[in-house]
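With this note's numbering as the guide, the letters of the sequence shown map in order to residues 6 to 269.
These notes concern the structure reproduced below.
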Amino acid sequence: MLKIENIKKTFLKGTVNEKQIFNGLNLEVNEGDFVTILGSNGAGKSTLFNVIGGSIPVDDGNLIINKKDFTNCPANRIAKVVGRVHQNPQLGTSPNLTIYENILMYLRKGKKFTLRKLKSGSREQVMKDLSKFELGLEDLLDTQVKFLSGGQRQALTLYLIKRNLPDLLLLDEHTAALDPKTAKKIMDLTCEIVHDCKITTMMITHNLGDAIKYGNRLIMLDKGKVILDIKGEEKDNLTVESLIQMYSSKSSEFDIPDSMILSA
Ligand SMILES: Nc1ncnc2c1ncn2[C@@H]1O[C@H](COP(=O)(O)OP(=O)(O)OP(=O)(O)O)[C@@H](O)[C@H]1O
Ligand SMILES: [Mg+2]
């Protein structure tokens, strides 16, 4: 469903700070895949999501989603098929609107409406849905999102995604800013949505344990290249030790950061 063909991207071209991120990246993701993505800082993981989400243009290559060419399309067009949860819980929702207004806005994306008109809508159903998250969101429907905790905001973003399912879901270290208990809650919620709604998903993580535990495929990016691509049975049987071994054998100058090993 996703095809990245020969993508090239260099930042700050022609300046002393010129940095080539991708020099012909190819990647195919099948419908229903849940791909976890590992890679050291600066490997190009978020840039890959920025390319898929249309927030940065590429210099060359093609971005195909569901057989349609989205190369260098505006982000708002791509947002109709690609949903994204960022590492920073402040992104993904409108901070000055209440929870309920955010939900209404999201559901009516691109349509003409007034908030007052919409408010007569399905408030009770929303409260019922949100209460299942056990994060107290149902009691805060009229609270501005800027007053919510990081975990509550990520849960709300996931709820918005669930209410208006994208074809492809991008999760960029979306639990990294949360305490361990809330991170687990958000991860459980994520899995529930991904599995129940069968959304094709790509999840960037620095947690080796999570990369192994979740999904049916694991890829590792290093300097803008896919250096490991593990799927099926091989992925099912993966252990932290075997992954570290594979990792090291692929790149002589590359070490798994201690933080990744410790988090496994
Ligand atoms: N808009 C930009 N302009 C210039 N350089 C950029 C831009 N976006 C990213 N970069 C550079 O591209 C490289 C890859 O960045 P990217 O954010 O994709 O890394 P990452 O793999 O997500 O790392 P991390 O694990 O730290 O999030 C980095 O060196 C970064 O500084
Ligand atoms: Mg990143």
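Using N, Cα and C, we set each Cβ at its ideal position, and we do this for glycine too.
Bear in mind the structure is a predicted one, so any value in this text is a computation, not a measurement.
Nonlocal neighbours in the same chain, by C-beta distance under 6 Å from residue i, ignoring five residues either side
i, result
"LEU96", "none"
"PRO62", "ASN77"
"SER136", "GLU143"
"LYS167", "ILE198"
"PHE16", "LYS24"
"GLY66", "GLU10, ASN11, ILE12 and LYS13"
"GLU69", "The question names Glu, but residue 69 in the sequence shown is Ile. LYS8, listed in sequence order."
Endpoints, beta strand (DSSP E) assigned at residue i
i, result
"LYS190", "Looking at the DSSP string, LYS190 is not in any beta strand (DSSP E); the run it does join, the alpha helix (DSSP H), is 185-202."
"LEU7", "7-16"
"PHE54", "Unbroken run through PHE54 is the alpha helix (DSSP H), 50-58; no beta strand (DSSP E)."
"LEU28", "The sequence given here places Asn at residue 28; Leu does not occur at that position. That run of the beta strand (DSSP E) goes 24-34."
"ASP215", "ASP215 -> not in any beta strand (DSSP E); alpha helix (DSSP H) instead, spanning 213-218."
"VAL87", "87-90"
"LEU140", "First-last for LEU140: undefined, no H or E at that position."
"LEU102", "Note, LEU102: premise wrong, no beta strand (DSSP E); not H, not E."
"LEU248", "Taken as a continuous stretch (DSSP letters only), LEU248 belongs to no beta strand (DSSP E), being part of the alpha helix (DSSP H) at 245-255."
"PHE152", "No beta strand (DSSP E) contains PHE152, which DSSP labels as neither H nor E."
Beta-carbon contacts of residue i that lie in its chain and below 7 Å, excluding the five residues immediately before and after
i, result
"ALA216", "THR41, LEU43, THR210 and LEU223"
"LYS203", "GLY37"
"ASN28", "LYS13 and GLY229"
"LEU170", "CYS202 and ILE204"
"VAL34", "MET6, LEU7, VAL40, THR205 and MET207"
"GLU178", "GLN92, ILE209, THR210 and HIS211"
"ALA182", "GLN92, ASN93, PRO94 and GLY155"
"LEU112", "ARG168 and ASN169"
Buried or exposed by the 16-neighbour rule on C-beta atoms within 10 Å, applied to residue i
i, result
"SER51", "buried"
"THR20", "exposed"
"ARG158", "buried"
"PHE39", "buried"
"ALA188", "buried"
"PHE54", "buried"
"PHE138", "buried"
"GLY58", "buried"
"ALA160", "buried"
Terminal residues of the alpha helix (DSSP H) in which residue i lies
i, result
"VAL131", "128-136"
"LYS240", "237-241"
"ILE209", "No alpha helix (DSSP H) contains ILE209, which is instead part of the beta strand (DSSP E) from 205-209."
"ILE61", "It is not in any alpha helix (DSSP H) - ILE61 carries neither H nor E in the DSSP assignment."
"LEU165", "155-168"
"ARG82", "80-83"
Nearest-angstrom beta carbon gap, residue j and residue i [assumed within contact, 8 Å]
i, j, result
"VAL90", "LEU173", "Their Cβ separation, rounded to whole angstroms, is 12 Å, which puts VAL90 and LEU173 out of contact at 8 Å."
"MET192", "THR180", "6 Å"
"LYS255", "LEU226", "Contact flag wrong, Cβ pair sits at about 11 Å."
"VAL245", "GLY214", "7 Å"
"GLY49", "ILE26", "5 Å"
"THR103", "LEU165", "In fact, because the Cβ distance is near 13 Å, the residues do not count as touching under 8 Å."
8 Å CB neighbourhood of residue i in its chain, flanking five on each side removed
i, result
"LEU163", "VAL90, ILE191, LEU194, THR195 and ILE198"
"MET307", "Look at the range of the chain in this structure, 6 to 269, and you will see that residue 307 is not part of it."
"GLY141", "GLN157"
"PRO100", "GLN149, VAL150 and LYS151"
"LEU243", "ILE217, LEU223 and ILE235"
"ARG128", "TYR105 and LEU146"
beta-carbon residue i near ligand 4 non-hydrogen atom, thresh 7 Å
i, result
"PHE27", "In the structure on display, ligand 4 does not appear, and the ligands it does have are ligand 1 and ligand 2."
Check your understanding: So does the region 147-167 actually touch the region 85-95, counting three or more Cβ pairs closer than 8 Å?
Key -> yes
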